[in-house]
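Chemist:
Numbering (the numbering used here), first residue to last: 35 to 594.
1. Since residue 422 and residue 347 are thought to touch, with beta carbons under 8 Å apart, how far apart are those beta carbons, to the nearest angstrom?
2. Output needed for residue 128: all residues of its chain with C-beta closer than 6 Å, excluding positions within five of it in sequence on either side, in chain order.
3. With distance defined between alpha-carbon atoms, name the residue in 226, 375, 277 nearest to residue 288.
4. Give me the DSSP bridge partner(s) of residue 581.
5. Is the separation between the beta-carbon of residue 99 and that of residue 165 shorter than 8 Å?
6. Can you look up residue 384 in the DSSP assignment and give me helix, strand or coil?
7. Using a Cβ-Cβ cutoff of less than 7 Å, which residues in the same chain neighbour residue 577 once the five nearest sequence positions on both sides are dropped?
8. So, with DSSP's three-state summary, where would you put residue 151?
9. Helix or strand or just coil, what does DSSP make of residue 379?
10. Figure out for me which residue from 73, 83, 65, 197 has the closest Cα to the Cα of residue 337.
11. Expressed to the nearest angstrom, what Euclidean distance is found between the alpha-carbon atoms of residue 328 and residue 191?
12. Across the segment 400–416 and the segment 424–444, are there enough close Cβ pairs to call them in contact, namely three or more that are closer than 8 Å?
13. Mark residue 535 as exposed unless 16 or more other C-beta atoms lie within 10 angstroms of its C-beta, in which case mark it buried.
14. Using the three-state DSSP reduction, which class does residue 576 fall into: helix, strand or coil?
15. Which residue comes first and which comes last in the alpha helix (DSSP H) that contains residue 141?
16. Here's the rule: buried if 16 or more other CB atoms are within 10 angstroms of the residue's CB, otherwise exposed. What is residue 500?
17. Measuring only the C-alpha atoms, how far is residue 381 from residue 254?
18. With a Cβ-Cβ cutoff of 8 Å, do residue 157 and residue 97 count as a contact?
19. In chain order, which alpha helix (DSSP H) runs of at least 4 residues are fully inside the segment 84–147?
20. List, from N- to C-terminal side, the beta strand (DSSP E) runs of 3 residues or more that fit wholly inside the segment 305–338.
21. Assess, as a yes-or-no matter, whether the segment 431–447 is touched by the segment 486–496 under the definition of 3 or more beta carbon pairs within less than 8 Å.
22. Just the Cα atoms here: how many angstroms apart are residue 540 and residue 395?
23. Keeping to the same chain, check which residues put their C-beta closer than 8 Å to that of residue 221; ignore five residues upstream and five downstream.
24. Between residue 212 and residue 155, how many whole angstroms is the CB-CB distance? I'm expecting something under 8 Å.
25. Could you spell out where the alpha helix (DSSP H) holding residue 473 opens and where it closes?
26. Just reading off the alpha helix (DSSP H) that residue 436 is part of, what are its end residues?
27. Measure the beta-carbon distance from residue 555 to residue 509 and round it to whole angstroms, keeping in mind my assumption that it falls under 8 Å.
28. Skipping 5 residues on each side, what residues in its chain have a beta carbon closer than 7 Å to that of residue 406?
29. On a CA-only basis, which of 506, 445, 358, 440 is nearest residue 463? Give me that one, please.
30. Run through DSSP, which three-state label would residue 39 get?
31. Under the rule that 16 or more other beta-carbon atoms within 10 Å means buried, what is residue 391, buried or exposed?
32. Determine whether the beta carbon atoms of residue 522 and residue 538 lie at a separation below 8 Å.
33. Provide the residue span of the beta strand (DSSP E) that contains residue 251, from first to last.
34. By how many angstroms is the C-alpha of residue 449 removed from the C-alpha of residue 350?
35. In the DSSP output, what is residue 68 paired with across the bridge?
36. Could you tell me which of 410, 210, 215, 202 sits nearest to residue 231, measuring between CA atoms?
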């Protein structure tokens, strides 16, 4: 009897395991060119993709289907082609789509806001009628024409008495009613601009059963030092699909290498542990695609990690190098090429970020003018408090802090040079086309690491010069600018990032803000004897990074 019971239990257990749904896998497309969309969908078949997501320059709001015949045509054609390959199609739907910026509308659906909500329902009804094959929408609240928390409280009593999370939940429910009536699925995207906004959206999603949360792996824009998004696994009864950028929007847009295999293997452990029904990955940033570049290993890594969660990064690398470049595993050429490509991820981190902080531009390029645009806007401590001390030290960096930054950027330069050496060692085993494609990107990356080193020193040194007007800082900045002018001369005129025009524009803007200097001074960094200044240690479970040493000497105690 016990045996029969055990066998029956095993059959039930095996059947339940077999019935567990495979993770959904979506590719997000940005560029409104049908040829690109068509080619991308065809390539998606190679990677087991189940969903095509249209966003950004293709469609941002559901009204575009009604108002723009070109958008309607692209969505229709995408549905037709994707359905031929058993893929679903989702489009972005930003709400509230009722005007730009702050708004005096009353949100009361049974009072002063009834007309507005009726118009929003009608927009969805009309769009679904125009494209009846559309599978789903992705509702979004951050970066919308009118963000619901920007609707003024004093417009009516309802607004005054409705907290922001309830405003979001109400919008979800109203749009969901239309979706449900038309058989259209709904994802709700948690994109935000602050911890408060993220929490409002998270609470709202948790309060509305029957939607799927679409949550970035990190709390806000793509910054590798951000912790895992705290909303993951905390959306009530709803499942989550995790959004990940594999096209390196802020790390070179695939014009240089940014191969994320090791990062993905590390991060995916934390994402699976928190609950993950699927992933949506970005395969392009506008017209720049990861496909047919060396960064395509990112797509291969994601596919392997979805198929087998325990696959190692080493195994992914060995298999990819054999599959893509034809190099047999464990040969000298394979090992050297893996080392060269694998190194691109720490190169990108050390080049683009300053001791873990996103300080320069919200782009893959250097600033066009003297500014630390992201230092406050993309503040790391708001998401990871362990970086508070280094953030505060960066606002007016000491000599020791500047030495650490210089050293970190120097590490990026050295690693990029090492990768070029490894590529040369593997060159004879590669086809001429593969070698040229890799070499072009690696040479550009090496030049960029040198550019970013001087730009970072100028910007960080300027942060304290604004207050102190130190003559020595001015002389060192002038030396940096002359080095940048030399590097501008080395860059190809059409370089996709850090081209000569952009470098010279930065130099000209800096010079306009400083008194003339005829006696430049080379920076001589002084580091503490025990410093490993650029090292940042990831926590083993993949949730976040920690600085090795957060405490940085104040300016008056810094090494001379």
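Backbone N, C-alpha and C define an ideal beta-carbon position, used for all residues, glycine too.
Modeler: Inspection of the coordinates gives the following:
1. Incorrect: roughly 31 Å between the Cβ atoms, too far for contact.
2. In chain order, 94, 95, 174, 178 place their CB closer than 6 Å to the CB of residue 128, counting only its own chain and leaving out the 5 sequence neighbours on each side.
3. Nearest C-alpha to residue 288: 375.
4. Residue 581 is bridged by DSSP to 570.
5. Going by C-beta atoms, residue 99 is nearer than 8 Å to residue 165.
6. Residue 384 falls in the helix class under three-state DSSP.
7. Closer than 7 Å at the Cβ level, and outside the excluded window around residue 577, lie 261, 262, 304.
8. DSSP, read as helix, strand or coil, puts residue 151 in helix.
9. DSSP places residue 379 in helix when its eight states are reduced to three.
10. Residue 83 holds the alpha-carbon nearest to the alpha-carbon of residue 337 among 73, 83, 65, 197.
11. For residue 328 and residue 191, the gap between their C-alpha atoms comes out near 56 Å.
12. Segments in contact, yes.
13. With a 10 Å radius around the Cβ and a threshold of 16 neighbouring Cβ atoms, residue 535 comes out exposed.
14. Residue 576: coil per DSSP, three-state reduction.
15. No alpha helix (DSSP H) contains residue 141, which DSSP labels as neither H nor E.
16. Label assigned to residue 500: exposed.
17. So the two alpha carbons sit approximately 22 Å from each other.
18. Yes.
19. Segments of the alpha helix (DSSP H) lying fully in the segment 84–147: 97–101, 103–118.
20. Runs of the beta strand (DSSP E) inside the segment 305–338: 312–316.
21. Note that the segment 486–496 touches the segment 431–447; at least 3 beta-carbon pairs, one per stretch, sit closer than 8 Å.
22. Computed Cα separation, rounded: 12 Å.
23. Beyond the five residues adjoining it in sequence on each side, residue 221 comes within less than 8 Å, by CB distance, of 124, 170, 171, 172, 173, 245, 246, 247, 248, 275 in the same chain, given in chain order.
24. That belief holds up - the Cβ atoms of residue 212 and residue 155 are roughly 5 Å apart, short of 8 Å.
25. Start and end: 466–502.
26. Looking at the DSSP string, the run of the alpha helix (DSSP H) that includes residue 436 is 433–460.
27. Right, the Cβ-Cβ distance comes to about 4 Å (below 8 Å), so this counts as a contact.
28. So the list reads 393, 394, 493, 497, once near-sequence residues are dropped.
29. Checked all of 506, 445, 358, 440; the closest Cα to residue 463 is 358.
30. With a pLDDT of only 33 at residue 39, under 50, the local geometry of the prediction cannot be trusted, and no value is derived from it.
31. It is buried - the Cβ of residue 391 has at least 16 other Cβ atoms within 10 Å.
32. Cβ atoms of residue 522 and residue 538: closer than 8 Å.
33. Counting along the chain, residue 251 falls outside any beta strand (DSSP E), and DSSP gives it neither H nor E.
34. Within the model, the alpha-carbon separation for residue 350 versus residue 449 is close to 22 Å.
35. Beta-bridge pairing by DSSP links residue 68 to no other residue.
36. Out of 410, 210, 215, 202, 202 has the C-alpha closest to the C-alpha of residue 231.
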